[in-house]
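A.B. asks: Heads up: the sequence shown begins at 737 in the numbering used here, then just goes up one per residue. Backbone N, C-alpha and C fix where the C-beta goes; we use that ideal spot for every residue, glycine too.
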Amino acid sequence: MEIVISVLRESWHLLLEASVYILFGMLVGGLLKVFLNPSFVADHLGKGKFSSVIKAALFGIPIPLCSCGVLPAAASLKKQGANNGATTAFLISTPESGVDSIAITYALLDPIMTVARPVSAFVTAVAAGISENLLQTQKEEDWHRVIDRSCPIDNCCDGNECPPQEHSMHHTFTEKLWAGLKFAVDDLWGDLAGWFFAGLLLAGVISTIIPQELMTRYLGGGLHSMLIMLLVGIPMYICATASTPVAAALILKGVSPGAALVFLLVGPATNITSLSVLFGLLGKRATVIYLVMLSLFAVLSGLMLDIIYSSLGVSATAIAGQAGEVIPFWLQFVGALIVVLLSIKPIYLFIKRFIAPPKMDIQKPSQDETSAKTASAENNKTECAAPS
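Encoded structure:
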């Protein structure tokens, strides 16, 4: 019982340090959803073997999506005309970083790691994306673009028949702000809350149970530490936000900041499920390039980061979590309560999904439904057969 209390106490301490930054990240993420038009993103990712990749990596850095949440977004970008290299760059930079995870990294770790994380994600994404574009055989003129210009607020129009000047008057700033906040609470945090609290508990377990000598011996630095974290992170499903408290607990136990960075880069960007989807979305060759470049640059980034800390004479263990001390305790406490209240429903659904998976509806379709589907299929055949 004493161990359980210690785990919960350590987890609560991490939540206090991160709470205000979580709320800030949620706010920015919601505003990005409303004010960053998807068609604007897609317009810049279709042509150019280099420029499209760089833009995709930059676009992905602030967007708060996990490794599974980014898959439908990337599929949409590819459908809208993004090339394979840009799609690959977006798939790497987006789950590895995000405004929410950057804010929490600053709270739980230190400014050096806060900068190193998105920079490493950007460099890795660009390298993988350019490699894919240079090795692919598809020509630029073969990329077909179908831009989604629909209203991100309430789908009041498709954006094609409505000029941007006219559509900009459909919603006030207050309506856009409210829509962004609603998205942040219902969708963004709804997807992240369960995994984040799972990460908090895991961080509490690491802080309470695992001996510091064990971590220092095997993960204290060097190439072998990076490779161990690589093997641990690739098959694991953990989002960027949830991986941050785990990395903070590892560093406080003596893990080198470089090894922790490898975990922060690889863990959110890969897992068994997402890799299988990537295989279908990008193909075998692109998936191999994705894994090889991600692994290579994660290890190189980790080794470089350890060198930076060593040359500066800075101890990551000593300064981890100091940014959270800037926020007064009463504000941390209020922020933690708000985060807990906002997480009640998402955590309930998160647990329910694992305890009782949704059942497939296998009822036999009615005669009317069967007739309607048959008619729809015949219409599709007629449309496909018609000359363009």
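Can we say the segment 917-932 touches the segment 947-966, given the rule of at least three CB pairs closer than 8 Å?
C.D. replies: Not touching, per the Cβ criterion.
A.B. asks: Tell me whether V941 sits in a helix, a strand or coil according to DSSP, three-state version.
C.D. replies: V941 falls in the helix class under three-state DSSP.
A.B. asks: Would you mind stating whether G834 and T977 have Cβ atoms separated by less than 9 Å?
C.D. replies: The answer is yes: Cβ separation under 9 Å.
A.B. asks: Just the C-alpha distance for A843 and F1069, rounded to the nearest angstrom, thanks.
C.D. replies: Computed Cα separation, rounded: 14 Å.
A.B. asks: Quick check on this structure: which residue in L936, G865 and T841 has the alpha carbon closest to the alpha carbon of V1024?
C.D. replies: For the residues L936, G865 and T841, the minimum Cα distance to V1024 belongs to G865.
A.B. asks: For a test of the three-state rule: what should DSSP assign to L801, helix, strand or coil?
C.D. replies: Correct three-state label for L801: coil.
A.B. asks: By the 10 Å Cβ neighbour count, where 16 or more other Cβ atoms means buried, how is P1064 classified, buried or exposed?
C.D. replies: Per the 10 Å Cβ criterion, exposed.
A.B. asks: Identify which residue in G940, I974, A793 and F1090 has its Cα closest to the Cα of T1006.
C.D. replies: Answer by Cα proximity: I974.
A.B. asks: A1072 to V982, Cα distance in whole Å?
C.D. replies: Whole-angstrom Cα-Cα distance: 18 Å.
A.B. asks: Alpha carbon to alpha carbon, what distance is there between L1032 and S747?
C.D. replies: Going by the C-alpha atoms only, they are around 32 Å apart.
A.B. asks: Taking only the alpha-carbon atoms, compute the straight-line gap between L937 and A985 and give it to the nearest angstrom.
C.D. replies: Roughly 11 Å separates the two Cα atoms.
A.B. asks: Using a Cβ-Cβ cut-off of 7 Å (strictly less than) and excluding sequence neighbours within five positions of S979, which residues of its own chain qualify?
C.D. replies: Excluding positions up to five away in sequence, the list reads G935, F999, L1000, G1003 and P1004.
A.B. asks: Going by other Cβ atoms of all chains shown within 10 Å of its Cβ, with 16 needed for buried, is Y1084 buried or exposed?
C.D. replies: Exposed, by the Cβ-count rule.
A.B. asks: Alpha carbon to alpha carbon, how far is W925 from S1102? Give it in angstroms, no decimals.
C.D. replies: Because S1102 sits at a pLDDT of 49, beneath the cut-off of 50, its placement in the model cannot be relied upon, and the following sentence gives the value as read from the coordinates. Cα to Cα, S1102 sits roughly 39 Å from W925.
A.B. asks: Short of 6 Å in beta carbon distance, which residues of its chain neighbour L686, apart from the five on each side in sequence? Order them along the chain.
C.D. replies: This structure leaves residue 686 out entirely; the chain is present only between 737 and 1124.
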